[in-house]
Amino acid sequence: MTTAVFTPATEARLATARQVADAVLFEGYVLYPYRASAAKNRLRWQFGVLVPPAWSAGCEEHEFQHTECLMEPKPGASLAVEIRFLHTQRRIVQQAGADGAFETVGELRLHDRVLVPWDEGLEERVELTVPVSALAGEGAAFPFTRPAGEETEPVQDGAGRTVGRLVRRREEISGVVRLSAAELDGPYRTMRLTAVVENTSTWMPEPGAERDAALPHSLVASHLLLCLDAGAFLSMTDPPQWAEGAVKACRNLHTWPVLAGEPGRADLVLSSPIILEDHPAIAPESPGALYDATEIDEILALRTAALTDEEKREARGTDVRAAAVVELVDSMPPEVLERLHGAVRSLKEISRPGPSGFGEHGTARPETPWWDPGGDTDVDPEHDQVVVGGVPVGAGSRVVLRPGLRHSDAQDLFLHGRAALVEAVLHDVDGGVHIAVTVEGDPGADIRREQGRFLYFQPDEVEPLGAS
């Protein structure tokens with residue numbers, strides 16, 4: 003068993019999963035509005051924080067993650083492991099005095115940014131490769147340490163004069179990863195892989211210490227990448243039927259393993275403190291890391307663009323990643339922003355094509371997809387009509403709304419008696435008819451029409467305008 007640089011083939015496989023792993027690593031790293039002064043940026047590091055053992059005894063956070071998953075390694079297979087986490091470093095802001103001495107300050111104002119104290123996250127990786135055969139029995143343990151350190155960065159103004167400096171300090175952190183594998187009973191050569199990552203720091207908190215004191219000694223956003231060079235893992239989310247019992251018997255504490263990398267392959271697992279689906283992927287429309295993943299890219303981009311110049315100066319001085327978000331949004335072309343408005347990826351064929359127009363499982367395939375309005379000439383929402391009270395009603399007709407026959411919600415009842423313009427008549431697959439309308443006098447009617455966002459009523463809930 004060795005701790006070594008990965009082979010080119012393994013490195014290529016892991017690279018496919020690191021984009022998603024990076025999203026896990028920096029999930030919630032800095033939240034909109036990307037300023038240190040924002041209340042929600044004062045309590046940080048919410049996911050995968052492995053604290054020192056002396057701290058975990060008195061809090062709800064833990065010093066370890068325990069992953070168990072099933073794998074089918076081929077004879078002679080090796081397992082590559084990458085432990086990834088953030089090492090918290092404290093950034094102190096100091097201002098240069100007239101005598102050349104530096105004084106710690108709460109902020110340092112420059113023409114393009116406002117520098118403030120901040121906890122930065124330094125990305126750390128522990129890489130190792132071990133033969134699967136070496137993991138039998140008690141397995142193997144791999145301790146690791148990241149040393150303490152201090153770095154100083156001069157700060158210059160627009161004229162190139164040194165006006166201050168940033169001092170970054172890191173504490174020593176240590177940990178261990180324990181790997182073991184046990185073969186399961188049954189007709190298939192399947193093994194249960196156990197991977198435990200622990201914080202083994204000997205740091206002791208002082209009486210009354212708060213969480214911030216433990217963070218520099220913690221493994222933040224800790225997660226694992228596991229890769230077999232020969233063989234495959236089984237899905238823990240959707241296992242084959244014969245493995246369901248073995249999957250239920252696996253213990254996963256403070257983390258959850260999913261298949262990673264390209265769909266169709268099963269030689270790579272991401273074990274993450276954030277629950278993901280198999281083969282997670284970054285949306286192709288995403289313009290770049292925005293860190294605040296509880297929001298939608300479009301909303302974040304629009305909100306960031308709306309920040310004042312002073313707010314952007316503080317964001318740029320909060321963190322280099324926050325500064326990159328501001329620059330990304332400020333330089334975003336309109337066509338990229340338009341692409342963020344939405345995409346539909348859930349409509350897909352269930353079966354692959356088979357011979358003679360039949361699906362893979364013998365299911366007859368229609369000549370046009372269900373439902374393709376461009377290929378179905380039986381319907382035309384903009385020209386179809388429906389007869390209401392003996393009067394044809396279609397796009398352009400004016401009607402009076404009479405909801406309430408089907409226990410309509412309060413919003414519909416508020417529209418009772420209002421005049422409306424019919425925008426389209428639509429038919430559903432069950433033979434039902436729906437009338438799309440915009441309400442007359444609605445100041446947002448033009449916007450709704452442009453976006454295709456209408457109100458819908460059934461024929462017996464409208465009256466042609468002027469009908470008795």
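With the working numbering applied, the sequence shown corresponds to residues 3 to 470, in that order.
Even glycine gets a Cβ: it sits at the ideal position worked out from N, Cα and C.
Is the beta carbon of residue j closer than 8 Å to that of residue i?
i: Pro207; j: Arg92; result: no
i: Met73; j: Leu221; result: no
i: Arg86; j: His225; result: yes
i: Val116; j: Gly419; result: no
i: Val441; j: Asp386; result: no
i: Ile437; j: Val389; result: no
i: Phe66; j: Leu52; result: yes
i: Ala262; j: Pro282; result: yes
i: Ser182; j: Glu246; result: no
i: Val402; j: Ala421; result: yes
i: Pro35; j: Glu313; result: yes
i: Thr154; j: Arg172; result: no
i: Ala435; j: Ala397; result: Note that residue 435 is Val in the sequence shown here, rather than Ala. Cβ distance not < 8 Å, so Val435 and Ala397 don't count as in contact.
i: Val178; j: His68; result: no
i: Val26; j: Ile276; result: yes
i: Ala303; j: Leu339; result: yes
i: Ala234; j: Asp269; result: yes
i: Thr18; j: Glu264; result: yes
i: Arg194; j: Ala184; result: yes
i: Gly151; j: His113; result: no
i: Asp448; j: Leu407; result: no
i: Ala98; j: Thr204; result: no
i: His343; j: Val381; result: no
So, at 6 Å on beta carbons, what are the nonlocal neighbours of residue i in its own chain, with the 5 sequence-adjacent residues on each side left out?
i: Val249; result: Met238, Pro241
i: Phe28; result: Tyr293
i: Arg450; result: Thr440
i: Thr196; result: Glu70, Ser182
i: Phe416; result: none
i: Gln460; result: none
i: Leu124; result: His89, Gln91
i: Ala307; result: Val331
i: Gln48; result: Gly30
i: Leu457; result: Val439
Can you list, in chain order, the residues of its chain with a C-beta nearer than 7 Å to that of residue i? Leave out the 5 residues immediately preceding and following it.
i: Thr12; result: Ala82, Cys229, Asp231
i: Pro149; result: Glu174
i: Trp57; result: Pro207, Ala216
i: Gln96; result: Phe104, Glu105, Thr106, Val107, Gly166, Arg167, Val169
i: Asn254; result: His68, Thr69, Glu70
i: Met334; result: Pro289, Ala303
Going by the C-beta, is residue i closer than 7 Å to any heavy atom of the ligand ZN?
i: Pro133; result: This structure lacks the ligand ZN, and indeed carries no ligand of any kind.
If you drop the 5 nearest sequence neighbours on each side, which residues of the same chain put their C-beta closer than 8 Å to that of residue i?
i: Ala285; result: Asp299, Ala345
i: Ser39; result: Val118, Glu316
i: Ala142; result: Met3, Val132, Ala136, Arg180, Leu181, Ser182
i: Val22; result: Ala262, Leu272, Leu278, Pro282, Ala283, Ile284
i: Gly454; result: none
i: His64; result: Leu52, Val53, Ser58, Leu255, His256
i: Glu384; result: Ala397, Ala426
i: Ala412; result: none
Who does residue i pair with in a DSSP beta bridge?
i: Asn201; result: Gly177
i: Pro209; result: Partner(s): none; Pro209 has no beta bridge.
i: Arg167; result: Gln96, Pro156
i: Ala184; result: Arg194
i: Gly263; result: Answer is none; Gly263 lacks a bridge partner.
i: Trp258; result: Ser274
i: His225; result: Arg86
i: Val393; result: Val390
i: His64; result: Leu52
i: Met238; result: Met238 is not bridged to any residue.
i: Glu13; result: The partner list for Glu13 (beta bridge, DSSP) is empty, contrary to what the question assumes.
i: Pro466; result: Val401
i: Thr18; result: Paired residues: none, contrary to the question.
i: Arg172; result: Gln91, Gly151
i: Cys71; result: Leu195
i: Pro217; result: Inspection of the sequence shows that residue 217 is occupied by Leu rather than by Pro. Leu217 is not bridged to any residue.
i: Leu230; result: Leu81
Thinking residue i and residue j are a contact (beta carbons under 8 Å), I'd like their distance in whole angstroms, please.
i: Gly102; j: Val118; result: With 8 Å as the limit, Gly102 and Val118 do not qualify as a contact, their Cβ atoms being about 23 Å apart.
i: Asp444; j: Glu122; result: Actually they are not in contact, since the Cβ atoms of Asp444 and Glu122 sit about 50 Å apart, beyond 8 Å.
i: Val464; j: Arg404; result: 6 Å
i: Leu16; j: Leu227; result: 6 Å
Within the 8 Å Cβ cut-off, does residue i reach chain D?
i: Val338; result: Structure shown: chain D not included; a single protein chain is present.
Which runs of the alpha helix (DSSP H), 4 residues or longer, sit entirely within the region 280-332?
299-307, 311-320, 322-332
Please specify which runs of the beta strand (DSSP E), each continuous and at least 3 residues long, are wholly inside the region 76-151, giving them in chain order.
Within the region 76-151, the complete beta strand (DSSP E) runs of at least 3 residues are 80-98, 104-106, 120-133, 142-148.
If we require 3 or more residues per run, which beta strand (DSSP E) segments fall completely within the region 400-458?
Fully enclosed beta strand (DSSP E) runs of 3 or longer: 400-403, 421-429, 435-441.
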